[in-house]
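Q: Before I ask anything, let me first share the structure, which is written out below as structure tokens.
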Amino acid sequence: MSASNINLPPLSLAEQLEKARIEFPRDKELDEQLTWLTSRLFNRRDLQKPYGHNNRAPQHALVVSGATGAGKTTTLERAIREREPTLIDPDGNCLKVLSAPLPSPFSAKEFARQLLNMMGTTTTGKLNEPQMWEMVSHHLRENRIGLVHFDEIQRFTTVKTIGRADRSVAADRFSATINELISHPAWPVALVVSGTEETVPLWNSKNMDQVRRRSRFVIFEQMTPHYYPALEASLRHYATKANLAFDINVNDLGQRISLAGEKTVGMALEICREAVLLAAQEQAPAVTLKQLGRVYAARNGSPADENPFYVAYVGKLDLREKRDIAELDQAR
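First residue of the sequence shown: 24, per our numbering; consecutive thereafter.
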């Protein structure tokens, strides 16, 4: 039975809200850089020869960085998924996309094995790391995969990953592996890497010079007031999807949502969706600040006087900064 003949159940409200398209200022920049990346997929190494295997020009990398909760993975997955059908080479063949998170703890050999498994290939334990990655390049070519997305790239930067004595050696090896993927003589691939704030310092290190010169960056920065109208519009959009009215009469709603989401888009949208779902489950006629406040309290355990949806003047709100365990011990 083909996928088109499968009768799927209707999407739940939660799924509908999750799939709702919400755009923010950073999305335009991401789209521009993805266009830059994919527009070079079909460049030829030798302009005197036709496009094909062994005549594809070296590719480039796009680095996407932002705090946990910024919505990097969701935004990237959607953007790449929508772009995949357009990756048609001069011979009329559509190139494919492969997405995978780095394993934790990171091991280059295990990551290569993971990629091979995703492409339907099993390996033996006798292969060394360079042989494994050569197999990866071979099967990327066999499967006509032209764009690869590595998520959670910051997992490479942990002490356990690299080791205290061999950080530079490991970084050199990692850089060489990445460079081999994007400049492989038989089948170079375009690369998207995403991760937390540690990603940019890694990519800008001297060990990554060879790869960095073929890279561009998109930073999912913390939200500024420029984002506030889009946040309020997002909540209104979710309410409409749920057939709920919108009964919130404050002129700083976007700022309140931003504070509740710790100035990250992903967390802010989660709070908006949960508030709409709560209103729908309670069969309330409208979305109000009350549902937003209850969701925030449930997620953070905060009292009413520290809840951005309950206080009268959010500009005076001084939310507690997160502290690690050592700092908490010192405060006792």
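The C-beta atom is built at its ideal place from N, Cα and C for all residues, glycine as well.
Roughly how many whole angstroms lie between the Cα atoms of Ala199 and Leu254?
A: Numbered from 1 along the sequence shown, position 176 holds the residue referred to as residue 199. Numbered from 1 along the sequence shown, position 231 holds the residue referred to as residue 254. Each residue's alpha carbon lies about 41 Å from the other.
Q: Give the single residue among Ile280, Phe134, Leu138, Thr97 whose Cα lies nearest to the Cα of Lys313.
A: The residue you call residue 313 lines up with position 290 of the sequence shown. For the residues Ile280, Phe134, Leu138, Thr97, the minimum Cα distance to Lys313 belongs to Ile280.
Q: Are the segment 289-297 and the segment 82-101 touching by the rule of at least three beta carbon pairs closer than 8 Å?
A: Because the criterion of three Cβ pairs below 8 Å is met, the segment 289-297 and the segment 82-101 touch.
Q: Going straight from the alpha carbon of Leu276 to that of Arg68, what length do you get?
A: Within the sequence shown, the letter at position 253 stands for residue 276. Within the sequence shown, the letter at position 45 stands for residue 68. Going from the Cα of Leu276 to the Cα of Arg68 covers about 53 Å.
Q: What are the uninterrupted segments assigned as beta strand (DSSP E) that are 3 or more residues long and contained completely in the segment 149-209, given in chain order?
A: Qualifying beta strand (DSSP E) stretches, in chain order: 168-174.
Q: So what does Ile111 bridge to, in DSSP terms?
A: In the sequence shown, residue 111 corresponds to position 88, counting from 1. Beta-bridge pairing links Ile111 to Cys117.
Q: Can you find at least 3 beta carbon pairs, one from the segment 213-226 and one from the segment 86-94, that sit closer than 8 Å?
A: Yes: at least three Cβ pairs fall under 8 Å.
Q: Indicate whether Arg136 and Thr147 have their beta-carbon atoms separated by less than 8 Å.
A: As a first step, residue 136 must be located in the sequence shown, where it is residue number 113. As a first step, residue 147 must be located in the sequence shown, where it is residue number 124. Not closer than 8 Å, so no.
Q: List the residues that DSSP assigns as beta-bridge partners of Arg63.
A: Counting from 1 along the sequence shown, the entry for residue 63 is found at position 40. Paired residues: none, contrary to the question.
Q: Go ahead and pull the three-state DSSP assignment for Pro224.
A: For the purposes of this step, residue 224 is identified with residue 201 of the sequence shown, where counting begins at 1. Three-state DSSP puts Pro224 in a helix.
Q: Within this structure, are the beta carbons of Arg167 and Lys119 separated by less than 8 Å?
A: For this step, residue 167 is matched to residue 144 along the sequence shown. For this step, residue 119 is matched to residue 96 along the sequence shown. Their beta carbons are under 8 Å apart, which means Arg167 touches Lys119 by this criterion.
Q: Nearest-angstrom Cα distance between Pro211 and Ile205?
A: Along the sequence shown, one-based indexing puts residue 211 at 188. Along the sequence shown, one-based indexing puts residue 205 at 182. Taking the straight line joining both Cα atoms gives about 5 Å.
Q: Note the first and the last residue of the continuous beta strand (DSSP E) segment covering Phe129.
A: The residue labelled residue 129 in the question sits at position 106 within the sequence shown. Here Phe129 belongs to no beta strand (DSSP E), and DSSP marks it neither H nor E.
Q: Who are the near neighbours of Lys42 in its chain, counting only those whose CB is closer than 6 Å to its CB and skipping five residues on each side?
A: Walking along the sequence shown from the start, residue 42 turns up at place 19. Cβ neighbours of Lys42 beyond the five flanking positions: none.
Q: Would you mind working out which of Phe47, Leu40, Leu36, Gln39 sits nearest Met246, comparing C-alpha positions?
A: In the sequence shown, residue 246 corresponds to position 223, counting from 1. Answer by Cα proximity: Phe47.
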